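Structure first, then comments.
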Amino acid sequence: MAEWIVRQLPALVILMPFTAAPLAYLLGAKFGRPIALVSALLSQPLALLLAIRVSRVGTLRYEVGGWGGPLGIDLVVDGVAAVMVLVTTVVGLFVTVYALGYFGDRERYRFFWPLWLFLWGSLLALFLSGDIFNLYVCLELVSMSAVALVGLTLSREALVAAMRYMLAAILGSLFYLLGVALIYGAFGSVDMQTLREVIRGDTTGQAALALMTVGLVLKTALFPLHFWLPPAHSNAPSPVSAVLSALVVKGSFYILVRLWVDVAQTAAFPGASTVLGVLGATAIFWGSIQALRQERLKMLVAYSTVAQIGYLFLMFPLVTGGGPAAADAWTGGVFHAVSHALAKSAMFLAAGTVLARFGHDRIEGLGGLSRRAPATAMTFGLAGVTMMGLPPSGGFVAKWQMIRASIESGQWWWAVVVVAGGLLAAAYVFKVLGPFFGREPEAMDEADLDPGPSPWTMEGAALALALGSLVLGVLGQPLLDLIMVSAPALVAGVTP
Amino acid sequence: MSQTDLYTLAGSTLFVIGLYGLMTRPHLLHKVLALNISSAGVFFVLVGIARRIPGTTPDPLPHAMVLTGIVVTVSSTAFALALAKRIFTETGTAALDASDVDVEEDAGG
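Written out as structure tokens, the structure reads:
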């Protein structure tokens, strides 16, 4: 039995939410909430076992249904895939616990549970995909459930934001699929392991990679294709905003990393990684400045996501040269994805608590929040430490690795971007923390509406995620090691 | 120019036509249709690729991909239409930005 479970682990982690999702739909009115919670709890040991297994034996390859390629679907789990599965599962649990309090048993939100479980399963399937066509299918599954979740409240703003998101998402997928078609036509395979050997940087290869990159950049909301993100992420119900910012944008980013660092390492266009890096740097500045200008808390947090996505793209110019710089950039980039997932979900959940309690999220109207909701103000502060990249947070480790990679590879200007981005993040974090820990507003009409403290599960789940992003900085070593397990040749310093 | 090249070229042209429609037409129904035209272009390319080695049996894998793609497109189109309809019921216009011309009249033309 134990041996069977270990062998089937890659399939089991995906099947858990995918089994719970239709059940939550069918039995939703009564049992949607307990089904989601049980699924979230059972997923924890599965994801942890998978991570331990990968760290012991290296890459796992699993043939779904025993068919094998090229017609069957293969799941591939290496270090970075295991890390992404783990972070999705952990963030997923806390968001689920939070959502139990946030949505309560209100009838109109019963569809949150099946959609969220579908999204969860689709994300895991995406991270474990071994071929670029299956990645397309997973991308669509992720987008469809994410769009439905954005529109969940059925308010005008939410519906329009969902539609905008949907059009951008479908277009992104089509760009990606056209690239997949060209790659299959030129190189005769969609399996990433095979492609690694045969892909070349000829005209077709370059065109295909360019198309896929445009599609994925649109889906990841990298500047200047980020227009759909702030409305979608800020108008969604807060547990959904948390998942979108923490996990969903990382899904398409993960495919970009796979394509550029893992598959196309030799066929890369010379200038493409620099272009991605420059766009990333621009996103950091643009997103931070926009965040500073927002009056509403959720919009500020959403623009902070636009900025933080920028850091992820600094990985590309830094890994291109190979050597120790590449390893540092690789671990730094993935570690940033992880710590941002924890901190940003904590921030959105905290913002949701504020919104649910006071009925608005205007920053100036939230003076003195630290006295009325100390745990929520604290959550925002702790998550802010990771956003700014101060020690001992996970964000600090990530930025430290990136700065080291910049210096090792002789590209010091990226280090300047990382440091300047941290200062800008401090500016928008303190724009919120200032009022939170400051005086209560003179006009107390808003405070009068205060219906009292939120359920402790909501404040607790958000605080746990914020603490997690902080602890990551101290206890992150096992995770850094796991990121390097069967890392791409370019990063691991092995000549293929 | 080989047959595959011709299909790739035609498919890419369709893709671009759809892209143009998506960006220029404010009406949501037009936007959804434009995305459908784009996806037809992508499927065209895939179907053409199946015959890339002349004189041999066509490769079944791209066909399987197109079938999967069609399933995905049908579902997402249905979803997008439902969303567009709901937006029309809630806002009275079937556009992302209500100030984007008189969409209701535009729909008839």
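Protein sequences, first through last, are from chains L and H.
Following our numbering, the numbering of the first sequence begins with 1 at its first residue and continues without gaps.
Following our numbering, the numbering of the second sequence begins with 497 at its first residue and continues without gaps.
Don't be surprised by glycine CBs; every beta carbon is placed ideally from N, CA and C.
These numbers were taken from a predicted model, which means no experiment stands behind them.
Which residue from the options puts its Cα closest to that of residue i?
{"i": "ILE407 (chain L)", "options": "L:LEU382, L:PHE430, L:GLY323", "result": "L:GLY323"}
{"i": "ALA343 (chain L)", "options": "L:GLY368, L:THR386, L:TYR311, L:PRO317", "result": "L:THR386"}
{"i": "ALA11 (chain L)", "options": "L:TYR62, L:ALA425, L:LYS30", "result": "L:TYR62"}
{"i": "PRO562 (chain L)", "options": "L:TRP4, L:THR194, L:ILE35", "result": "Residue coverage of chain L in this structure runs from 1 to 496, which leaves residue 562 (chain L) outside it and unanswerable."}
{"i": "ALA497 (chain L)", "options": "L:GLY185, L:GLN411, L:LEU119, L:SER155", "result": "Residue 497 (chain L) falls outside the range modelled here, since chain L spans only 1 to 496, and no answer is possible."}
{"i": "LEU314 (chain L)", "options": "L:THR153, L:ILE403, L:ALA291", "result": "L:ILE403"}
{"i": "GLN265 (chain L)", "options": "L:ALA326, L:ILE35, L:LEU472, L:TYR428", "result": "L:ALA326"}
{"i": "VAL419 (chain L)", "options": "L:PRO34, L:GLY389, L:GLY434, L:LEU209", "result": "L:GLY389"}
{"i": "LEU15 (chain L)", "options": "L:ALA2, L:GLY72, L:VAL85", "result": "L:VAL85"}
{"i": "ILE483 (chain L)", "options": "L:LEU23, L:SER55, L:LEU276", "result": "L:SER55"}
{"i": "LEU229 (chain L)", "options": "L:ALA346, L:ALA82, L:ILE309, L:LEU152", "result": "L:ILE309"}
{"i": "LEU467 (chain L)", "options": "L:PRO451, L:PRO392, L:LEU424", "result": "L:PRO392"}
{"i": "GLY476 (chain L)", "options": "L:GLU3, L:PRO455, L:VAL397, L:VAL416", "result": "L:VAL397"}
{"i": "GLY188 (chain L)", "options": "L:PHE133, L:ALA168, L:TYR176, L:SER155", "result": "L:PHE133"}
{"i": "ARG371 (chain L)", "options": "L:ARG362, L:VAL354, L:HIS233, L:ALA383", "result": "L:VAL354"}
{"i": "VAL57 (chain L)", "options": "L:TRP67, L:ALA242, L:ALA47, L:ASP78", "result": "L:ASP78"}
{"i": "SER252 (chain L)", "options": "L:LEU312, L:VAL275, L:ILE52", "result": "L:LEU312"}
{"i": "LEU276 (chain L)", "options": "L:LEU256, L:ASP262, L:GLU295", "result": "L:LEU256"}
{"i": "TYR176 (chain L)", "options": "H:ALA560, H:TYR516, H:LEU542", "result": "H:LEU542"}
{"i": "SER345 (chain L)", "options": "L:LEU37, L:SER469, L:PRO317", "result": "L:SER469"}
How should residue i be labelled, buried or exposed, when 16 other C-beta atoms within 10 angstroms of its C-beta is the threshold for buried?
{"i": "LYS581 (chain H)", "result": "exposed"}
{"i": "ILE549 (chain H)", "result": "exposed"}
{"i": "PRO45 (chain L)", "result": "exposed"}
{"i": "TRP330 (chain L)", "result": "buried"}
{"i": "HIS340 (chain L)", "result": "buried"}
{"i": "ARG108 (chain L)", "result": "exposed"}
{"i": "ALA29 (chain L)", "result": "exposed"}
{"i": "GLN411 (chain L)", "result": "buried"}
{"i": "ARG106 (chain L)", "result": "exposed"}
{"i": "THR203 (chain L)", "result": "exposed"}
{"i": "PRO17 (chain L)", "result": "buried"}
{"i": "PRO488 (chain L)", "result": "buried"}
{"i": "GLN445 (chain H)", "result": "The first residue shown for chain H is 497 and the last is 605, placing residue 445 (chain H) beyond what the model contains."}
{"i": "ASP501 (chain H)", "result": "exposed"}
{"i": "TRP456 (chain L)", "result": "exposed"}
{"i": "ARG293 (chain L)", "result": "exposed"}
{"i": "GLN290 (chain L)", "result": "buried"}
{"i": "MET212 (chain L)", "result": "buried"}
{"i": "ASP481 (chain L)", "result": "exposed"}
{"i": "TRP67 (chain L)", "result": "exposed"}
{"i": "THR88 (chain L)", "result": "buried"}
I need the straight-line Cα distance from residue i to residue j, nearest angstrom please.
{"i": "GLY604 (chain H)", "j": "PHE380 (chain L)", "result": "Legend: pLDDT at GLY604 (chain H) = 40, less than 50; position of this residue unreliable, value from coordinates given subsequently. Their Cα atoms are separated by approximately 50 Å."}
{"i": "GLY333 (chain L)", "j": "PHE112 (chain L)", "result": "31 Å"}
{"i": "ALA6 (chain L)", "j": "LEU49 (chain L)", "result": "In the sequence on display, residue 6 (chain L) carries Val and not Ala. In a straight line, the C-alpha of VAL6 (chain L) is about 8 Å away from that of LEU49 (chain L)."}
{"i": "PRO554 (chain H)", "j": "ALA546 (chain H)", "result": "5 Å"}
{"i": "GLY533 (chain L)", "j": "LEU479 (chain L)", "result": "No statement about residue 533 (chain L) is possible, as the shown extent of chain L runs from 1 to 496 and does not include it."}
{"i": "ALA146 (chain L)", "j": "GLY368 (chain L)", "result": "34 Å"}
{"i": "GLY395 (chain L)", "j": "HIS336 (chain L)", "result": "6 Å"}
{"i": "ALA186 (chain L)", "j": "VAL13 (chain L)", "result": "34 Å"}
{"i": "ALA148 (chain L)", "j": "LEU115 (chain L)", "result": "7 Å"}
{"i": "ALA356 (chain L)", "j": "ALA82 (chain L)", "result": "34 Å"}
{"i": "LEU93 (chain L)", "j": "VAL142 (chain L)", "result": "18 Å"}
{"i": "ALA377 (chain L)", "j": "TYR25 (chain L)", "result": "35 Å"}
{"i": "MET497 (chain H)", "j": "TYR503 (chain H)", "result": "10 Å"}
{"i": "VAL599 (chain H)", "j": "PHE575 (chain H)", "result": "Note that VAL599 (chain H) has pLDDT 43, beneath the 50 cutoff, so the model's placement of it is unreliable and no number is given."}
{"i": "VAL606 (chain H)", "j": "LEU577 (chain H)", "result": "An answer regarding residue 606 (chain H) cannot be provided, because it is not within the stretch 497 to 605 covered by chain H."}
{"i": "GLN206 (chain L)", "j": "GLU459 (chain L)", "result": "48 Å"}
{"i": "TRP414 (chain L)", "j": "ALA281 (chain L)", "result": "8 Å"}
{"i": "PRO435 (chain L)", "j": "LYS298 (chain L)", "result": "15 Å"}
{"i": "SER288 (chain L)", "j": "GLY473 (chain L)", "result": "23 Å"}
{"i": "PHE539 (chain H)", "j": "GLY565 (chain H)", "result": "8 Å"}
{"i": "LEU209 (chain L)", "j": "LEU505 (chain H)", "result": "17 Å"}
Residues of chain A with a CB under 7 Å from the CB of residue i: which are they?
{"i": "LEU563 (chain H)", "result": "No chain A appears in this structure, whose protein chains are L and H."}
(Q) Ignoring anything shorter than 4 residues, give me the alpha helix (DSSP H) runs that lie fully in the stretch 77 to 109 of chain L, in order along the chain. (A) 79 to 103
Q. Given a limit of 7 Å on CB to CB distance, which residues of the stretch 155 to 168 of chain L reach chain H?
A. ARG156, LEU159, VAL160, ALA162, MET163, ARG164, MET166, LEU167
Q) What residues from the stretch 213 to 230 of chain L come within 7 Å of chain H, judged by C-beta to C-beta, listed N to C? A) none
Q. Going along the chain, which unbroken runs of the alpha helix (DSSP H) with 4 or more residues stay wholly within the stretch 373 to 398 of chain L?
A. 374 to 388
(Q) Can you pull out the residues from the stretch 530 to 542 of chain H whose beta carbon lies closer than 7 Å to at least one beta carbon of chain L? (A) LEU531, SER534, SER535, VAL538, VAL541, LEU542
Q. Mind listing which residues of the stretch 68 to 96 of chain L have their C-beta closer than 8 Å to chain H's C-betas, in chain order?
A. PRO70, LEU71
Q: Output, in sequence order along the chain, the residues in the stretch 131 to 145 of chain L whose CB is closer than 9 Å to any CB in chain H.
A: PHE133, TYR136, VAL137, GLU140, LEU141, SER143, MET144
Q | Residues within the stretch 571 to 592 of chain H neighbouring chain L, beta-carbon criterion of under 8 Å | A | SER571, SER572, PHE575, ALA576, LEU579, ALA580, ARG582, ILE583, GLU586, THR587, LEU592
Q: Check each residue of the stretch 547 to 563 of chain H: if its Cβ is closer than 7 Å to any Cβ of chain L, include it; give the result in chain order.
A: ARG548, LEU557, PRO558, MET561
Q: Could you list the residues in the stretch 183 to 203 of chain L with a C-beta less than 7 Å from some C-beta on chain H, going in chain order?
A: TYR184, GLY185
Q. Can you give, in chain order, each stretch of the beta strand (DSSP E) that sits fully within the stretch 104 to 149 of chain L and has at least 3 residues?
A. none
Q: Scan the stretch 267 to 349 of chain L and note each continuous beta strand (DSSP E) run of 3 residues or more that stays entirely inside, going in chain order.
A: none
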